[in-house]
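K.L.:
Residue numbers (full-length UniProt numbering): 1 to 136.
Have a look at this one before I ask anything.
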């Protein structure tokens with residue numbers, strides 16, 4: 001079984017663009033109460049996942065900045081501290097389980113690397129729980 005049946009499609013996923021500013025991303029993350037959010041380029045390709053920690057570490061390394069400065073700093077300048085690489089829609093469910101151990105969601109891309117959605121860790125756990133009950 002592949003990832004397609006668990007996916008939350010892109011049109012239902014909140015994301016940011018890499019050319020957005022840190023301030024824009026923070027506002028969106030705060031509004032939706034997210035600690036991590038997918039980052040896309042303007043072609044729709046997945047480029048990474050931005051976390052609160054990435055932003056905090058970046059601000060720590062630029063201690064002379066104040067919050068107003070984040071209105072002019074693009075996300076593309078913020079280093080990511082975790083490898084949150086995406087997986088193909090064709091990957092079997094087993095391939096997602098390991099990824100879900102270290103991130104709240106697994107980004108899903110098509111064969112061209114275009115972001116098509118996410119699979120939340122909660123969906124993977126629910127699926128596994130149902131499978132366990134079926135086998136019992």
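Built from N, CA and C at the ideal position, the CB exists for glycine as well.
Treat the numbers as computed from the prediction; the structure is a model and nothing was measured.
Just curious, the alpha helix (DSSP H) that residue 95 is in, first and last residue?
P.N.:
Taking the chain shown and counting its residues from 1, one reaches residue 95 at position 95. Unbroken alpha helix (DSSP H) run through residue 95: 93-100.
K.L.:
Our contact map puts residue 10 next to residue 89 with C-beta atoms below 8 Å; I'd like the distance itself, whole angstroms only.
P.N.:
Here residue 10 refers to the residue found at position 10 of the chain shown. Here residue 89 refers to the residue found at position 89 of the chain shown. In fact, because the Cβ distance is near 12 Å, the residues do not count as touching under 8 Å.
K.L.:
Contact check, residue 108 vs residue 118 under 8 Å by CB: the rounded distance?
P.N.:
In the chain shown, residue 108 corresponds to position 108, counting from 1. In the chain shown, residue 118 corresponds to position 118, counting from 1. Residue 108 to residue 118, Cβ: 6 Å. Contact.
K.L.:
Along the alpha helix (DSSP H) that carries residue 134, what are the first and last residues, could you check?
P.N.:
Working through the chain shown from its first residue, we reach residue 134 at position 134. Taken as a continuous stretch (DSSP letters only), the alpha helix (DSSP H) holding residue 134 covers 121-135.
K.L.:
For residue 9, which residues does DSSP report across the bridge?
P.N.:
Counting from 1 along the chain shown, the entry for residue 9 is found at position 9. DSSP output for residue 9 lists 117 as bridge partner(s).
K.L.:
Compare the C-alpha of residue 71 against each of 129, 123, 26, 95 and name the closest.
P.N.:
The count along the chain shown starts at 1 and reaches residue 71 at position 71. Per the Cα distances, 26.
K.L.:
Nearest-angstrom Cα distance between residue 29 and residue 35?
P.N.:
To locate residue 29, count along the chain shown from 1; it is residue 29. To locate residue 35, count along the chain shown from 1; it is residue 35. Residue 29 and residue 35: Cα-Cα distance of roughly 7 Å.
K.L.:
Alpha carbons only, please: which of 5, 3, 18 is nearest the one belonging to residue 73?
P.N.:
For this step, residue 73 is matched to residue 73 along the chain shown. Answer by Cα proximity: 18.
K.L.:
Shortest alpha-carbon distance to residue 80 belongs to which of 111, 42, 37?
P.N.:
Counting from one through the chain shown, the residue named residue 80 turns up at place 80. Here the closest residue by C-alpha is 37.
K.L.:
Under 7 Å, do residue 54 and residue 39 count as touching if we go by C-beta distance?
P.N.:
Here residue 54 corresponds to residue number 54 of the chain shown, with the count starting at 1. Here residue 39 corresponds to residue number 39 of the chain shown, with the count starting at 1. Cβ distance not < 7 Å, so residue 54 and residue 39 don't count as in contact.
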